[in-house]
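*Asks:* I have a structure I would like to understand better, so I am pasting it below and will then ask my questions one at a time.
2 protein chains.
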Amino acid sequence: MDEVRRPGRPRDAARDDALLDAARQVLLRDGYAGLSMEKVATLAGVGKPTLYRRWPSRAALVADAVLHSFLASVPGSPAPGPHATGSQRLADWFRAYAASVGDPHHAAMVLALTAAAAESPHAAESLYRQHTRGQYESLVGHLRAGVASGEFRADADLEAVADALIGSVLYQLLTRTEQAAPARAEHLLQLLLAGLRAPGRPG
Amino acid sequence: MDEVRRPGRPRDAARDDALLDAARQVLLRDGYAGLSMEKVATLAGVGKPTLYRRWPSRAALVADAVLHSFLASVPGSPAPGPHATGSQRLADWFRAYAASVGDPHHAAMVLALTAAAAESPHAAESLYRQHTRGQYESLVGHLRAGVASGEFRADADLEAVADALIGSVLYQLLTRTEQAAPARAEHLLQLLLAGLRAPGRPG
DNA sequence: GCGTTACGGAACGTACCGTAACGTTATTGA
DNA sequence: TCAATAACGTTACGGTACGTTCCGTAACGC
Chain B
1 MDEVRRPGRP RDAARDDALL DAARQVLLRD GYAGLSMEKV ATLAGVGKPT LYRRWPSRAA
61 LVADAVLHSF LASVPGSPAP GPHATGSQRL ADWFRAYAAS VGDPHHAAMV LALTAAAAES
121 PHAAESLYRQ HTRGQYESLV GHLRAGVASG EFRADADLEA VADALIGSVL YQLLTRTEQA
181 APARAEHLLQ LLLAGLRAPG RPG
Chain W
1 MDEVRRPGRP RDAARDDALL DAARQVLLRD GYAGLSMEKV ATLAGVGKPT LYRRWPSRAA
61 LVADAVLHSF LASVPGSPAP GPHATGSQRL ADWFRAYAAS VGDPHHAAMV LALTAAAAES
121 PHAAESLYRQ HTRGQYESLV GHLRAGVASG EFRADADLEA VADALIGSVL YQLLTRTEQA
181 APARAEHLLQ LLLAGLRAPG RPG
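So the protein sequences, as listed, match chains B and W. Per UniProt numbering, residue 1 is the first one in the first sequence, and the count goes up by one each step. Per UniProt numbering, residue 1 is the first one in the second sequence, and the count goes up by one each step.
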């Protein structure tokens, strides 16, 4: 996994950062529709070929910009204690996730990634899924821990739960201008937990 | 509500249909990103000004194209019997919804609408919400019927349930190339029903 | 030095945008 | 019958962004 030393002048990492920052700035202000490659390059003070040398398309650029800002910050956010129960870990994760999307910066990033994935069905798999896999798997991990400890039913479809949690936040983001109400997220959480608990075990 | 007879040559309704059909055709083949106004006009055998006379933007055209094909077909699809319970009505509705999105034609329409809403935050409210309100309200209606009959808890946040059901389908659509597994939809349904039922009432 | 690659800048042809100007056609109303 | 009006198809327009290709220069390894 060593860095392969290529001949010639090495790429300037500062340019990567400048371009990614510019992309995020444009996304926050004008959304995915308002992001053009020229605008990003100009804002970053960088030539167009330099931009295209790094990312072959708008979707690829956006995906990286989102990945390096928002997504990396969520997975283990509240760092649940090692002795936390499955339901506690699940609740901590989901509350942190819902809250982070309440931040307009993060909301803009999620919307941009959604736009990139939705506008071209062929890219959906390679974009959206690949870049949200980290969150998804950490969520499923918390759920699995609950099953392993006997707190959750063994026959539960954990991915269905994960889809519902993440999907509901996404749907609220797409349909509501007001911020997604934390109360609603909490309610959904309790509802799913009630259905998840193993029979004969108290809440 | 009479049709106001304006002077001059009336618009040809056949052109509307041709344009909407062409738009759907392009969306299915190339997605939202591949839809240009020129392509739609050419495919419909219609001049560009004729297209712009009817829809001022790509998003508006797509919204109408989607609305007149897919959305109108869902709301009362299986036509639940008048004596059906809330959970039966809910299950019927959701199964029909999940199945309809399994159809590539419908999936393409939902993705297109999602792309239009996500790419420009300012348009999200007027686009996505307005055009999916019918489905959303009919779903919440089924839930309310369950509450009214005492089958569901009175303190349930029905919109949270609706967001989770619709959102999970949307999220699967965005992340999975394979068709959303009906089994997963069924599992989520049962999970939510378990949490919804009023205490002291058997499933 | 020499080969290779990165960089900013400029220019390229293409595609699509949204609008305007035609002449033609269809409908209303005097 | 005949003007007025508006929807049509066609063509053309200026503008923007696309993605690529050069240029000359800069930074590295050999």
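Positions of the beta carbon are idealized from the N, C-alpha and C atoms, including for glycine.
Kindly say whether W/His187, judged by its beta-carbon, lies nearer than 8 Å to any beta-carbon of chain B.
*Replies:* yes
*Asks:* Can you give the Cα-Cα distance for B/Leu35 and W/Leu61, rounded to whole angstroms?
*Replies:* 21 Å
*Asks:* List the residues of chain W whose Cβ lies closer than 7 Å to the Cβ of B/Leu61, in chain order.
*Replies:* Ordered by position in chain W, no residue passes the 7 Å Cβ test against B/Leu61, which lies about 14 Å from the chain.
*Asks:* What first and last residue would you give for the alpha helix (DSSP H) that runs through B/Asp17?
*Replies:* 13-30
*Asks:* If you measure from the beta carbon of B/Thr85 to each beta carbon in chain W, is any gap under 8 Å?
*Replies:* no
*Asks:* Determine the DSSP secondary structure at W/Met1, reduced to helix, strand or coil.
*Replies:* With a pLDDT of only 45 at W/Met1, under the threshold of 50, the placement of this residue in the model should not be trusted; the figure read from the coordinates follows. Coil at W/Met1, not helix or strand.
*Asks:* What runs of the alpha helix (DSSP H), each 4 residues or longer, lie entirely inside the segment 80-113 of chain W?
*Replies:* 86-102
*Asks:* Evaluate contact between the segment 23-39 of chain W and the segment 178-198 of chain B, counting only Cβ atoms and requiring at least three cross-stretch pairs below 8 Å.
*Replies:* In this structure the segment 23-39 of chain W does not lie against the segment 178-198 of chain B, because fewer than three pairs of beta carbons, one per stretch, are closer than 8 Å.
*Asks:* Pick from W/Ala108, W/Arg53, W/Leu143: whose alpha carbon is nearest that of W/Phe94?
*Replies:* W/Leu143
*Asks:* Is there a Cβ of chain W sitting closer than 8 Å to that of B/Glu151, yes or no?
*Replies:* No, its Cβ sits nowhere closer than 8 Å to a Cβ of chain W.
*Asks:* Taking 8 Å as the limit between beta carbons, can you name the residues of its chain near B/Leu170, skipping five residues before and five after?
*Replies:* Only Val110, Thr114 meet the Cβ criterion.
*Asks:* Counting only Cβ-Cβ distances shorter than 8 Å, please list the residues of the segment 159-171 of chain B near chain W, keeping chain order.
*Replies:* Taking 8 Å as the cut-off between beta carbons, the residues of the segment 159-171 of chain B near chain W are Glu159, Ala160, Val161, Asp163, Ala164, Leu165, Ile166, Gly167, Ser168, Val169, Leu170, Tyr171, in sequence order.
*Asks:* Thinking just about the alpha-carbon of each residue, which of B/Leu43, B/Arg176, B/Phe152, B/Pro56 is nearest to the one in W/Asp163?
*Replies:* B/Arg176
*Asks:* What does B/Arg197 pair with, by DSSP beta-bridge criteria?
*Replies:* B/Phe152
*Asks:* Using only the alpha-carbon positions, how far apart do W/Arg197 and B/Met37 sit?
*Replies:* 52 Å
*Asks:* Identify whether W/Glu178 lies in helix, strand or coil by the three-state DSSP scheme.
*Replies:* coil
*Asks:* Is it right to say W/Arg133 is buried, meaning 16 or more other beta carbons lie within 10 angstroms of its own, or is it exposed?
*Replies:* W/Arg133 should be labelled exposed.
*Asks:* Under 9 Å between beta-carbons, which chain W residues line up against B/Arg129? List them in chain order, please.
*Replies:* Leu174, Thr175, Arg176, Thr177
*Asks:* Distance cutoff 8 Å, beta carbons only. Does B/Ser69 sit that close to anything in chain W?
*Replies:* no
*Asks:* Could you tell me the boundaries of the alpha helix (DSSP H) in which B/Leu35 lies?
*Replies:* Element bounds for B/Leu35: n/a, residue is neither H nor E.
*Asks:* From this set, W/Pro49, W/Leu67, W/Arg184, W/Thr50, which residue's C-alpha is nearest W/Leu127's C-alpha?
*Replies:* W/Leu67
*Asks:* Quick one: which chain W residues come within Cβ less than 9 Å of B/Ser57?
*Replies:* The premise fails here: B/Ser57 is roughly 10 Å from chain W at the closest Cβ pair, so nothing lies under 9 Å.
*Asks:* Can you give the beta carbon distance from W/Ala118 to B/Ala118, rounded, assuming they're within the 8 Å contact cut?
*Replies:* 6 Å
*Asks:* Along chain B, in chain order, which residues have C-beta atoms closer than 8 Å to that of W/Tyr32?
*Replies:* Ala118, Glu119, Ser120
*Asks:* Does W/Leu43 get closer than 8 Å to chain B when you measure Cβ to Cβ?
*Replies:* no
*Asks:* So what does DSSP say about B/Gly167, is it helix, strand or coil?
*Replies:* helix
*Asks:* Taking contact to mean at least 3 C-beta pairs separated by less than 8 Å, is the segment 138-158 of chain W in contact with the segment 143-161 of chain B?
*Replies:* no
*Asks:* Would you mind stating whether W/Ala65 and W/Arg11 have Cβ atoms separated by less than 8 Å?
*Replies:* No, they are not a contact pair.
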